[in-house]
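Residue numbers (the working numbering): 139 to 477. For glycine and all other residues, C-beta sits at the position ideal for the given N, C-alpha and C.
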Amino acid sequence: MLHNRVLIVYTGGTIGMVQDESGSLHPFALDRIYDAVPQLRNCSYGIDSVTLDNIIDSSNMTPALWVDIAEMIERNYDSYDGFVVLHGTDTMAYTASALSFMFKNLSKPVVLTGSQLPLGMLRSDGRENIICALEIASGRQAVIPEVCIFFENHLYRGNRSTKLSAENFDAFESYNYPSLAKAGITIQFKDRLFLPMPTEPLQVRKQFDTRVAILKLFPGIGPEVVGAVLGAEGLQGVVIETYGSGNAPTDKWFIDALDQAIRRGVIVLNVTQCKAGAVKMRQYAASCDMDRIGVVAAGDITIEAAITKMMCLLGEYPGDKEHVKLRLSQSLRGEITTQ
Ligand code: ASP
Numbered sequence: 139m140l141h142n143r144v145l146i147v148y149t150g151g152t153i154g155m156v157q158d159e160s161g162s163l164h165p166f167a168l169d170r171i172y173d174a175v176p177q178l179r180n181c182s183y184g185i186d187s188v189t190l191d192n193i194i195d196s197s198n199m200t201p202a203l204w205v206d207i208a209e210m211i212e213r214n215y216d217s218y219d220g221f222v223v224l225h226g227t228d229t230m231a232y233t234a235s236a237l238s239f240m241f242k243n244l245s246k247p248v249v250l251t252g253s254q255l256p257l258g259m260l261r262s263d264g265r266e267n268i269i270c271a272l273e274i275a276s277g278r279q280a281v282i283p284e285v286c287i288f289f290e291n292h293l294y295r296g297n298r299s300t301k302l303s304a305e306n307f308d309a310f311e312s313y314n315y316p317s318l319a320k321a322g323i324t325i326q327f328k329d330r331l332f333l334p335m336p337t338e339p340l341q342v343r344k345q346f347d348t349r350v351a352i353l354k355l356f357p358g359i360g361p362e363v364v365g366a367v368l369g370a371e372g373l374q375g376v377v378i379e380t381y382g383s384g385n386a387p388t389d390k391w392f393i394d395a396l397d398q399a400i401r402r403g404v405i406v407l408n409v410t411q412c413k414a415g416a417v418k419m420r421q422y423a424a425s426c427d428m429d430r431i432g433v434v435a436a437g438d439i440t441i442e443a444a445i446t447k448m449m450c451l452l453g454e455y456p457g458d459k460e461h462v463k464l465r466l467s468q469s470l471r472g473e474i475t476t477q
């Protein structure tokens, strides 16, 4: 008798791709996954699957598809112990972050995984990834109330993850938060690192405001580029990728450009370009002006989490920028380290 049940949400990505005559990889139907991993047909827990209307290379991921994925999980929430989302690696950290903010009071595991080589290839990393992701999502050993990424033996908090390699099987990293579990002969879960189990029922946020931008600083960036981004029609929020602990040029033109945007109601969020560590405004004089004019510090959030959180909050609280700013500076789903 099968007790635990897992739903696979198949979106595409390398894991299910096949090569065409020219050698390019294209997503293919979920049946091929069962052919490549026949063990899935007779696991000790029940597996069902659903597929996006169009399976995609994750470079084509959109907020509308995040809503589709979230609704597939929402519709089936009570019937399954956990969910595995098969997803391309390129935007997996964005989707994991977005889903984490969409699901409030999540009490079941949602595990995203994929692979660097298609399942059909002999050396594919996909087989191990999918089997471990299913085991974790089944909740048989530990129930993780989080959106996570499982990749190459590590389970990461989704909104802490980032893709760091286009080459290695070990493609993801979580620089500012330890992994939630590690798979060896057994899967070692670090329960004390999980988010607390919620007591309220699941709620799903489905509104995104995409009138946002990411502005990455570099030595030599000029007023034209900064002005073009900050002057984009309808812009509601911008994530600026600053240096080190949140530092930026102190040139008057730069601070004035930010100041004018903030006065027009644009939210400016300070995220560091560094992979590890946090924004600490006023640690250096090079961030004091930004603090003074109302730039929001985002702590040690990843860029993927920052932009998805901004889109989600702007969608959830349209017209209440002060509240959005407050929430951006706080941890909602464990995406920022708080003391
Ligand atoms: N381009 C692929 C995708 O993100 C890469 C992968 O899956 O690894 O869909």
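So is the beta-carbon of residue i under 7 Å away from any non-hydrogen atom of the ligand ASP?
{"i": "Gly150", "result": "yes"}
{"i": "Thr229", "result": "yes"}
{"i": "Gln157", "result": "no"}
{"i": "Asp308", "result": "no"}
{"i": "Ser196", "result": "yes"}
{"i": "Gly296", "result": "no"}
{"i": "Gly161", "result": "no"}
{"i": "Gln279", "result": "no"}
{"i": "Gly264", "result": "no"}
{"i": "Gln341", "result": "no"}
{"i": "Gly252", "result": "yes"}
{"i": "Gly432", "result": "no"}
{"i": "Gly375", "result": "no"}
{"i": "Gly226", "result": "yes"}
Given residue i, which residues of its chain have a CB within under 7 Å of its CB, disregarding the five upstream and five downstream residues?
{"i": "Tyr218", "result": "Arg143, Val144 and Leu145"}
{"i": "Asp397", "result": "Ile431"}
{"i": "Met341", "result": "Checking the sequence shown, residue 341 turns out to be Gln, not Met. Contacts found: Lys242 and Asn243."}
{"i": "Gln254", "result": "Thr152, Thr227, Asp263, Phe307 and Ala309"}
{"i": "His164", "result": "Met155, Val156 and Asp158"}
{"i": "Met419", "result": "Gly384, Asn408, Ser425, Met428, Asp429 and Ala435"}
Drop a sphere of 10 angstroms on the beta-carbon of residue i, count the other beta-carbons inside from all chains shown, and report buried for 16 or more, exposed for fewer.
{"i": "Asp263", "result": "buried"}
{"i": "Ala202", "result": "exposed"}
{"i": "Gly150", "result": "buried"}
{"i": "Ile323", "result": "exposed"}
{"i": "Leu260", "result": "exposed"}
{"i": "Gly358", "result": "exposed"}
{"i": "Ala423", "result": "exposed"}
{"i": "Ala399", "result": "buried"}
{"i": "Pro256", "result": "buried"}
{"i": "Arg465", "result": "buried"}
{"i": "Arg298", "result": "buried"}
{"i": "Met230", "result": "buried"}
{"i": "Ala386", "result": "buried"}
{"i": "Arg213", "result": "exposed"}
{"i": "Asp169", "result": "exposed"}
Tell me which same chain residues have a C-beta within less than 8 Å of the C-beta of residue i, skipping the five on either side of it?
{"i": "Gly403", "result": "Gln374 and Lys459"}
Please state whether DSSP places residue i in a helix, a strand or coil.
{"i": "Asp397", "result": "helix"}
{"i": "Leu257", "result": "coil"}
{"i": "Lys242", "result": "strand"}
{"i": "Met199", "result": "coil"}
{"i": "Cys426", "result": "helix"}
{"i": "Asp191", "result": "strand"}
{"i": "Val363", "result": "helix"}
{"i": "Thr388", "result": "coil"}
{"i": "Ala271", "result": "helix"}
{"i": "Asp329", "result": "helix"}
**Prompt:** Quick one: any contact between the stretch 363–371 and the stretch 380–400, if contact means 3 or more CB pairs under 8 Å?
**Reply:** Yes, since at least three Cβ pairs between the stretch 363–371 and the stretch 380–400 fall closer than 8 Å, the two stretches touch.
**Message:** Below 8 Å, how does it come out for the stretch 175–190 and the stretch 284–303: are there three or more Cβ pairs, yes or no?
**Reply:** Because the criterion of three Cβ pairs below 8 Å is not met, the stretch 175–190 and the stretch 284–303 do not touch.
**Message:** Contact between the stretch 401–419 and the stretch 372–382 is defined here as three or more beta-carbon pairs at a separation below 8 Å; is this criterion met?
**Reply:** Using a Cβ-Cβ distance cut-off of 8 Å, the stretch 401–419 and the stretch 372–382 are in contact, since at least three pairs of beta carbons, one from each stretch, lie closer than that value.
**Message:** Under 8 Å, with one C-beta from each stretch per pair, do the stretch 326–344 and the stretch 220–230 reach the 3-pair mark?
**Reply:** In short, these stretches do not touch, since the Cβ pair count stays below three.
**Request:** Indicate whether the contact test is met: 3 or more Cβ pairs, each with one atom in the stretch 237–253 and one in the stretch 282–289, closer than 8 Å.
**Result:** Judged by Cβ distances under 8 Å, the stretch 237–253 makes contact with the stretch 282–289, as three or more pairs qualify.
**Request:** Determine, using beta-carbon pairs with one atom in the stretch 408–428 and one in the stretch 202–214, whether at least three such pairs fall under 8 Å.
**Result:** Taking 8 Å as the limit for Cβ pairs, the verdict is that the stretch 202–214 does not touch the stretch 408–428.
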